[in-house]
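Reading through the structure tokens given below for one structure.
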Amino acid sequence: MPKLLVRYGELGLKSASVRRRFEMMLMQDIRRKHMLAKVPCVITSTRGRMFVDSDDWRRSMELLSRTFGVVSFSPVVEVSSGLDELKKSTLEFASPLISRDATFAIRTRRTGNHPYTSQTLAEKLGEVVLEAHRDRGLKVALDDPDIEIFVEVREKTAYLFSAALPGPGGMPKATQGRILSLVEDDRGAASSWLMMKRGCNVIPATADVALVGPLRSWDPDLKPAHPETDLFALARCHDCAGIALSWGLDELSEKAPLKGDLPVFYPLIGMTKDEVGALRERIGR
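Put into structure tokens, the structure is as follows:
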């Protein structure tokens with residue numbers, strides 16, 4: 004059963020202390036989603052990477068694909084980083100992927116000290132795979148190959164994988180404070196999603212809780228509040244740092260702007276109708 008290698012992006016730009024805090028919040032969000040899904044898991048981390056080992060890795064992939072802060076993830080096979088063992092393991096991993104007359108490439112990355120460089124490792128592993136499947140017309144193609152085999156070496160351990168699946172990216176949940184988001188229609192849900200992606204802990208203000216339904220697969224802990232005439236009072240009641248509205252450029256030019264003692268955000272302001280529609284579809288998938 005493979006474990007999952009999880010990559011996160013913007014956290015690496017933070018200072019060490021802030022990065023560690025954000026990493027812990029991302030781990031907490033992943034762990035809670037697994038708990039609510041009743042999927043036991045163990046999460047470990049190294050700089051720039053996390054590993055999720057669960058009883059149901061396919062379900063874990065579904066959860067990671069809807070976890071903010073996750074840039075991408077891959078099912079990986081964990082092996083020894085010793086060269087002889089790595090040659091054997093790479094061949095075993097690659098063989099089921101090889102088809103007749105296919106092209107392939109080995110992509111390598113290293114962290115730590117090893118008796119080989121990344122380029123040398125790629126060459127040696129490629130030689131083993133090529134020699135074993137030469138009779139099937141296999142060829143090396145570094146540009147746009149049919150098959151890519153990735154090898155990440157970290158100290159005494161190496162990880163083999165053949166694909167990186169996308170996550171939503173952004174910042175981990177609740178790393179940027181609490182925001183009241185007015186949800187009167189699907190645009191409001193899309194606006195809320197963008198604030199969630201920026202790491203905000205969103206309080207949806209809505210009279211129709213069904214509109215919040217698609218957002219719950221991204222944050223199961225969402226707790227809607229009933230909208231009031233005075234959104235600023237409602238925001239203060241929930242200790243929010245600001246308000247998010249789904250207005251576009253047309254609405255912003257036609258309507259009187261909200262005035263109060265909290266900042267107002269317009270996440271959809273620069274998006275076209277088609278872009279908003281595509282975002283709404285993504286949220287509901």
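Heads up, the sequence shown is in our numbering, so the first residue is 4 and it goes up one at a time.
Glycine included, every Cβ here is placed at the ideal spot set by N, Cα and C.
The beta carbon of D59 sits closer than 6 Å to the beta carbons of V42 from its chain, once the five residues preceding and following it are set aside; these are given in chain order. Of the residues assessed, H117 falls on the buried side of the cut-off, its CB having 16 or more other CB atoms within 10 angstroms.
Relative to the Cα of T106, the nearest Cα in the group T120, V74 and L141 belongs to L141. Apart from the 5 residues on each side of it in sequence, E231 sits with its Cβ closer than 6 Å to the Cβ of L237 in its chain, given in chain order. G170 places its beta carbon less than 8 Å from that of L67. Judged by DSSP secondary structure, T114 falls within the beta strand (DSSP E) whose first and last residues are T106 to T114. Rounded to whole angstroms, the Cβ separation of D222 and M198 is 11 Å, and the two are not in contact under 8 Å.
V212 sits exposed, since fewer than 16 C-beta atoms from the chains shown fall within 10 Å of its C-beta. In the three-state reduction of the DSSP assignment, K142 falls in the strand class. Going by DSSP, S165 is part of no alpha helix (DSSP H) at all; its letter is neither H nor E. In this structure, A108 places its C-beta atom within 8 Å of the C-beta atom of L145. Cβ atoms of E155 and R112 come within 8 Å of each other, at about 5 Å.
E284 carries a helical assignment under DSSP once its states are collapsed to helix, strand and coil. Using a Cβ distance threshold of 8 Å, S249 and G173 do not count as a contacting pair. In the DSSP secondary-structure assignment, T47 is bridged to F54.
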